[in-house]
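Q:
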Amino acid sequence: MKLIVGLGNPGPKYAGTRHNVGFDVIDYLAAAPGTSPFREKFEAFVAERQEGGEAVLLVKPLTFMNLSGRSVRAVLDFYKLTVEQLLVVCDDFNLPLGKLRVRAKGSHGGQNGLRNIQDQLGTDGYARLRIGVGQPAEGEAVDFVLSRFKPAERAAAADAVAKAAQAAVVWATAGVEECMNRFNGGDDPQQPKKEKKPKLSRPAEPEV
Numbered sequence: 001m002k003l004i005v006g007l008g009n010p011g012p013k014y015a016g017t018r019h020n021v022g023f024d025v026i027d028y029l030a031a032a033p034g035t036s037p038f039r040e041k042f043e044a045f046v047a048e049r050q051e052g053g054e055a056v057l058l059v060k061p062l063t064f065m066n067l068s069g070r071s072v073r074a075v076l077d078f079y080k081l082t083v084e085q086l087l088v089v090c091d092d093f094n095l096p097l098g099k100l101r102v103r104a105k106g107s108h109g110g111q112n113g114l115r116n117i118q119d120q121l122g123t124d125g126y127a128r129l130r131i132g133v134g135q136p137a138e139g140e141a142v143d144f145v146l147s148r149f150k151p152a153e154r155a156a157a158a159d160a161v162a163k164a165a166q167a168a169v170v171w172a173t174a175g176v177e178e179c180m181n182r183f184n185g186g187d188d189p190q191q192p193k194k195e196k197k198p199k200l201s202r203p204a205e206p207e208v
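Going by the UniProt record's numbering, the first residue of the sequence shown is number 1, and it counts up by one from there.
Structural data, given as structure tokens:
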């Protein structure tokens, strides 16, 4: 069994925001034929599908972003899963819009959903898939991640969600190394290189 968790905030107020791209990936995966309906348990919406003959749980925590670890810990404990069987999908405003980054482990990078998961699990040794949502102006990060994509960004955001869903399936069926090899691509050599913006530190997120 594998566990794919998408991070976000529940409720229509936050639907479609940059911070909720993790939820969007789970919804994309859950739309595939043969996926069970979502059920509410473990303080989350949980669905199940099969990939390569193995059960894959799709989870959207309902605790709000900053307490996501409660749901993740509850699911892992109930099914007796290890952190090696876990993939967390979340937003990252330090990545360009649409860019994916897969890691087998590592720091939370200031992302408070990941921070709480690592606090609850006591380790950073789980895979994570970050989705670039664009970079805010300095000092505007909180409002930015809780905003919706602009019309000109929506196609790129939708493509990123679809690509992230593909990456999650590769992780579940072929492992994190194969997923990193296929989805951590460098700059497109056909595109002119853009001047890199300085990396922003992530401020404390609102208690929502």
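Quick reminder that beta carbons are idealized off the backbone N, C-alpha and C, glycines included.
Please read all numbers here as calculations on a predicted model, not as lab measurements.
If we ignore side chains and look at the alpha-carbon of each, how far apart do ASN116 and LEU29 end up?
A: Whole-angstrom Cα-Cα distance: 24 angstroms.
Q: Taking VAL133 as the reference, which of GLN118, ALA127, VAL102, ALA156 has the closest Cα?
A: Residue ALA156 is the option with its Cα nearest to VAL133.
Q: Determine the direct distance from the alpha carbon of ILE4 to that of LYS150, and round the result to whole angstroms.
A: Going from the Cα of LYS150 to the Cα of ILE4 covers about 28 angstroms.
Q: If you count every other CB in all the chains shown that lies within 10 Å of the CB of ARG154, and 16 or more means buried, which is it?
A: Exposed, since its Cβ has fewer than 16 Cβ neighbours within 10 Å.
Q: Quick one: using the 10 Å Cβ neighbour count with 16 as the cut-off for buried, is ALA152 buried or exposed?
A: With fewer than 16 other Cβ atoms within 10 Å, it is exposed.
Q: For GLU140, which option in PHE93, LEU121, GLU178, GLN120 has the closest C-alpha, if you only look at C-alpha atoms?
A: Looking at the Cα atoms, PHE93 is the closest of the given residues.
Q: State the CB to CB distance for the pair LYS60 and PHE23, rounded to an integer number of angstroms; the pair is presumed to be in contact (CB under 8 angstroms).
A: Between PHE23 and LYS60 the Cβ distance is about 5 angstroms, and since that is below 8 angstroms, they are a contact.
Q: Based on the DSSP secondary-structure assignment, which residues constitute the bridge partners of LEU146?
A: Bridge partners of LEU146: none, in fact.
Q: Look at the Cβ atom of LEU58, then the Cβ atom of ALA44, and state whether they are nearer than 7 angstroms.
A: Contact: no.
Q: Using the Cα positions of VAL72 and GLU138, report the straight-line distance between them to the nearest angstrom.
A: In a straight line, the C-alpha of VAL72 is about 32 angstroms away from that of GLU138.
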